[in-house]
Amino acid sequence: MQKKRRISSRVLIICCIIMVDGFFSAQEHLPTVYPKVLTVVMDNNYPPFVMQNPDGSLKGILVDQWILWEETTGIKVQLVGMDWAKAQEFMKAGKADVIDTIFKTTERETIYSFTKPYQRIDVPIYVHKSLSAVLSYNDLKDFKIAVKAGDACIEQLQAKGLTNIVEYPSYEAIIIAVKEGIEFVFCIDDPAAQYYLMKYNIYKDYRILTILYTGFFHRAVAKHNTELLAIIEGGFSRIPTSAYNYINEKWYGKTSYPILSPFLVVILISAGACIAIIIIALSISAVLMRKKIREQTVNLNKILTALQQEKALSDAVFIALPDIFYIIDGQGIILDIKQKNFVSLAELAEKSSFFNYLDNEEEKIAFQQNLTRVKQGNAVQVQRIERIIQGITHHLELRIAASTNNLFIVVQRDITEEIHAQKALEASLKEKEALLKEIHHRVKNNLQIVSSILSLQIDNMKHDADKLLLEENRNRIISIAQIHEHLYASENISSINMAEYIHSLTDEFHSYTYMFNKNIQYKLFIEPIFFSIDRAIAIGLIINELITNAIKYAFKSHDGIITISLGYDTDKRIALVVEDNGIGLPDDFKPEHTHTLGYTLVTTLCKQHCAQLALENKTQQKGLKVTISFQQ
Numbered sequence: 005m006q007k008k009r010r011i012s013s014r015v016l017i018i019c020c021i022i023m024v025d026g027f028f029s030a031q032e033h034l035p036t037v038y039p040k041v042l043t044v045v046m047d048n049n050y051p052p053f054v055m056q057n058p059d060g061s062l063k064g065i066l067v068d069q070w071i072l073w074e075e076t077t078g079i080k081v082q083l084v085g086m087d088w089a090k091a092q093e094f095m096k097a098g099k100a101d102v103i104d105t106i107f108k109t110t111e112r113e114t115i116y117s118f119t120k121p122y123q124r125i126d127v128p129i130y131v132h133k134s135l136s137a138v139l140s141y142n143d144l145k146d147f148k149i150a151v152k153a154g155d156a157c158i159e160q161l162q163a164k165g166l167t168n169i170v171e172y173p174s175y176e177a178i179i180i181a182v183k184e185g186i187e188f189v190f191c192i193d194d195p196a197a198q199y200y201l202m203k204y205n206i207y208k209d210y211r212i213l214t215i216l217y218t219g220f221f222h223r224a225v226a227k228h229n230t231e232l233l234a235i236i237e238g239g240f241s242r243i244p245t246s247a248y249n250y251i252n253e254k255w256y257g258k259t260s261y262p263i264l265s266p267f268l269v270v271i272l273i274s275a276g277a278c279i280a281i282i283i284i285a286l287s288i289s290a291v292l293m294r295k296k297i298r299e300q301t302v303n304l305n306k307i308l309t310a311l312q313q314e315k316a317l318s319d320a321v322f323i324a325l326p327d328i329f330y331i332i333d334g335q336g337i338i339l340d341i342k343q344k345n346f347v348s349l350a351e352l353a354e355k356s357s358f359f360n361y362l363d364n365e366e367e368k369i370a371f372q373q374n375l376t377r378v379k380q381g382n383a384v385q386v387q388r389i390e391r392i393i394q395g396i397t398h399h400l401e402l403r404i405a406a407s408t409n410n411l412f413i414v415v416q417r418d419i420t421e422e423i424h425a426q427k428a429l430e431a432s433l434k435e436k437e438a439l440l441k442e443i444h445h446r447v448k449n450n451l452q453i454v455s456s457i458l459s460l461q462i463d464n465m466k467h468d469a470d471k472l473l474l475e476e477n478r479n480r481i482i483s484i485a486q487i488h489e490h491l492y493a494s495e496n497i498s499s500i501n502m503a504e505y506i507h508s509l510t511d512e513f514h515s516y517t518y519m520f521n522k523n524i525q526y527k528l529f530i531e532p533i534f535f536s537i538d539r540a541i542a543i544g545l546i547i548n549e550l551i552t553n554a555i556k557y558a559f560k561s562h563d564g565i566i567t568i569s570l571g572y573d574t575d576k577r578i579a580l581v582v583e584d585n586g587i588g589l590p591d592d593f594k595p596e597h598t599h600t601l602g603y604t605l606v607t608t609l610c611k612q613h614c615a616q617l618a619l620e621n622k623t624q625q626k627g628l629k630v631t632i633s634f635q636q
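Read left to right, the sequence shown gives residues 5 to 636 (the working numbering).
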C-alpha cells in the first residue's frame, strides 16, 4: 500500500507539471480507437531504465514514463518484465501489444514497426585489465565473449568474425560470472554495464576495448499496426519536456554544470586545437633532437676511428693521447710500448707477449680471432675487457689495426668514463621517451575531452544541421586523437601503423552514420605501411573528409559500401583509394569551382605532402573513386 501511495504521489506531481506546461496545448491528436488495456513487455534487467524489485514489481525510468503515458492517454498499461530473450518470444507469440527496450535491426524490421528512437546507447566490449595484448577485434578471436541472450550485439559481433559467443539470460548474470572468474570478456550496453560493475565492485578490473557500435532504444509493435503505433507515439509526444526532465532528475540526479553555449564551444575547440598543435610541435622537436644526437654520436665515432688509423705511428699522437700503444708482430709478441701518464699499468712492458696481459682463455681466444681478421685484411677490430685497478673497475677498449711490415698496433684506452656517460645518455633517452609517450597520452586525453564536450553539445542541440556540423568537427578531432593513442600504446613512437589506425578510424563513424539512418559497410585493404606522425595525421583527416562526404551525399536513398585501399602502385608510389557505390559526381562538377571546407582541407593536405589527387566516376559500377598518390 505504501508503494502504491508513493507511485500515486509521483504521478500526481508529474500531472501537475503537465498542467503547468500546457497539457491541452496544440499537440498531435491520438486516434479515436483506443485499446482497453495495453500490454507492454520489456527487459527486466536494464538499470536505470527498468529493474525488478524483490517482490517482482518493476521500477525505473521507463516504468515512470509508461505510468505518465497511462495518465496522459487514459489507456490502462500492463507492464511485463522478463529476461530479454523470453520477452522477445513473448512478443512474437502475440501475448504483448508493445515491446520496449528494443534496438532496431534488419532482422527485427521484418516483423516489427518501430517508433522514433528515444535513447542513444553505446555498446562497448569490456576485457580484463590483465589482457594487455588484446588490442583489436582480431585479438578477441581466441576468447569467449559473454552476451545477453537475444541481444542485438550478437549480430554485430558475428559480422566482425567473432563467433565464440556465450549467452546469459541477463546482464546481471553476466557480471556475476565475471565476478566469479568464469568470464573475462563481455559485451554489455553501457548504462547497465556501469551500474553492475559498480554494484559488484569490479569496475577497476576491466577496461573498454572499443565501442562495438551505438544503438538506440525504440518501442515496437507488430508489423503494419500503424494505428497502435500512432497511439503510442501520440501519447508520448503529448508529455511535456519538463515531465521527462523530472523523471530523469529523479534517477540521474541534477547535473552540476551548465549547458555550453555554441560560442563557448568554439572557444574551447580553438583553445584545445592550439594546445594540441603546441604539444605536437614540441613532440616532433624532441624526436628530431634525439635523431640529431644519434647522428652526431655516429659521426664522432667515425672521426675518432679515422684519426687513430691515420696517426697510429705518429709520435705526436702517442704523446697527445692518454692511451697505451702496443706494437706487436703476427704472433702477438710485444715489440714496443708507447704510453703517457699510465703509471698503474707500466709493469706490462716486461711481458714479452700481449697474450700474457690477458687474464683468461676467453679473452685470449677473442684476441686471437680479432688479430686473424686484421691479418686477412679486415678493418680495425675492437675488443673490450675489464680490469680492477686500485680497487676500482675500469673498462678498457683494445683496438687492433694493421701497420707496415707485418706489424700490428694495439691501442688500449680506458673508456670507463665513456661507458658511464653512455649509460647516463641511455637512461636520459629512456626518460625522454617516457616523457614523449606521456605527452602523446595527454594530448589524446585533451582531444577526447574536447570530443566529449562536443558530444554533450550535440545531444542538447535542436537543429540537425548544427548537430551535423559539430559531429563532423568531432570526427576530425577523433582522427587526430587516435594518432596519439596509437603512439602512446606503441613501442615505436616515431611512426604509425596505418592498418591499425584506419581500422579504428572507420569504427568511429558508427554514431555519425546513425544520424543519417543508413547502414554503411566498410571494406578495408590496407598493406602494412608505417607513416610519420605528420603524414599519418594528414591521411587520417583526408580519409575522414572522404568518408563524411560519401555518407552525406553518395547514398541518397540506400545503404552503401565504402572501400578503402592503401598500398603501393606500379610506380612504387603509395596510393590511397577511397571509393563508394553511390550516385557519383554530377556531370557538371568542376573542382576549381568547389570551395567547401572538406574539399579545401583535402586539396590543401595533398599540396603539403606533394600528393596527386584524382576524382573519377566509376564506369562499370556506380559511385565515386578518389585516388591520392605520393612518394614514400
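Beta carbons are placed, not taken as given, at the ideal position from N, Cα and C, and that holds for glycine.
Quantities reported herein were computed from a predicted structural model and do not represent experimental measurements.
TODO: Determine the direct distance from the alpha carbon of C157 to that of Q525, and round the result to whole angstroms.
DONE: 16 Å
TODO: Measure the CB-CB distance between Y175 and N49 and report whether it falls below 8 Å.
DONE: yes
- [ ] Go ahead and label G627 buried or exposed: buried means 16 or more other beta carbons lie within 10 angstroms of its beta carbon, across all protein chains shown.
- [x] buried
Open item on the list: Taking 8 Å as the limit between beta carbons, can you name the residues of its chain near I419, skipping five residues before and five after?
Closed with: R388, H399, L400, E401
TODO: Pick helix, strand or coil for K203, following the three-state DSSP scheme.
DONE: helix
- [ ] Report yes or no: do three or more beta-carbon pairs, one from the stretch 48-62 and one from the stretch 113-120, lie closer than 8 Å?
- [x] no
Task: Reference A197, options V151, L233, F220, I235, closest by Cα - done: V151
Task: Runs of beta strand (DSSP E) lying entirely within the stretch 538-587, each at least 3 residues, in chain order - done: 564-572, 578-584
Open item on the list: Using only the alpha-carbon positions, how far apart do Q123 and H222 sit?
Closed with: 8 Å
Task: Contacting residues, own chain, Cβ-Cβ under 7 Å from G154 (five flanking each side not counted) - done: W88, A89, Q92
Task: Close Cβ partners of A579 (< 8 Å) along its chain, the five nearest in sequence each way excluded - done: S569, L570, G571, Y572, D573, T631, I632, S633
Open item on the list: What would DSSP say about G238, mapped onto helix, strand or coil?
Closed with: helix
Task: Simplified DSSP assignment, three categories, for L304 - done: helix
Open item on the list: Is the separation between the beta-carbon of V127 and that of G257 shorter than 8 Å?
Closed with: no
Task: Where M46 falls: helix, strand or coil (DSSP) - done: strand
- [ ] Measuring alpha carbon to alpha carbon, tell me which of I423, S498, V581, S136 ends up nearest R294.
- [x] S498
Task: Of the residues H562, I566, S241, the one placed nearest W70, counting alpha carbons only - done: S241
TODO: Check whether the stretch 366-384 touches the stretch 401-413, taking contact to mean three or more Cβ pairs, one atom from each stretch, closer than 8 Å.
DONE: yes
Task: Reference E74; option with closest CA among I236, N305, D592, Y141 - done: I236
- [ ] Closer than 6 Å by C-beta to I179: which residues in its own chain qualify, once you throw out the five before and the five after it? Chain order, please.
- [x] Y200, Y204
Open item on the list: Considering only the alpha carbon of each residue, which of V44, I328, R211 lies closest to L232?
Closed with: V44
Task: N-terminal and C-terminal residue of the alpha helix (DSSP H) that I389 is part of - done: Careful: I389 lies outside any alpha helix (DSSP H), inside the beta strand (DSSP E) at 385-393.
- [ ] Report buried or exposed for P590, applying the criterion of at least 16 other Cβ atoms within 10 angstroms of its Cβ.
- [x] exposed
TODO: Could you check which residue in I587, R539, N523, L161 has the C-alpha nearest to that of K611?
DONE: R539
- [ ] Tell me where the alpha helix (DSSP H) around G219 begins and ends.
- [x] Taken as a continuous stretch (DSSP letters only), G219 belongs to no alpha helix (DSSP H), being part of the beta strand (DSSP E) at 210-226.
Task: Bridge partners - L62, DSSP secondary structure assignment - done: Q56
TODO: With a cut-off of 8 Å on the beta carbons, I'd call H643 and A542 a contact; round off their distance for me.
DONE: Because residue 643 is not part of the residues shown, which for the chain are 5 to 636, the question remains open.
Task: Three-state secondary structure assigned by DSSP to Y505 - done: helix
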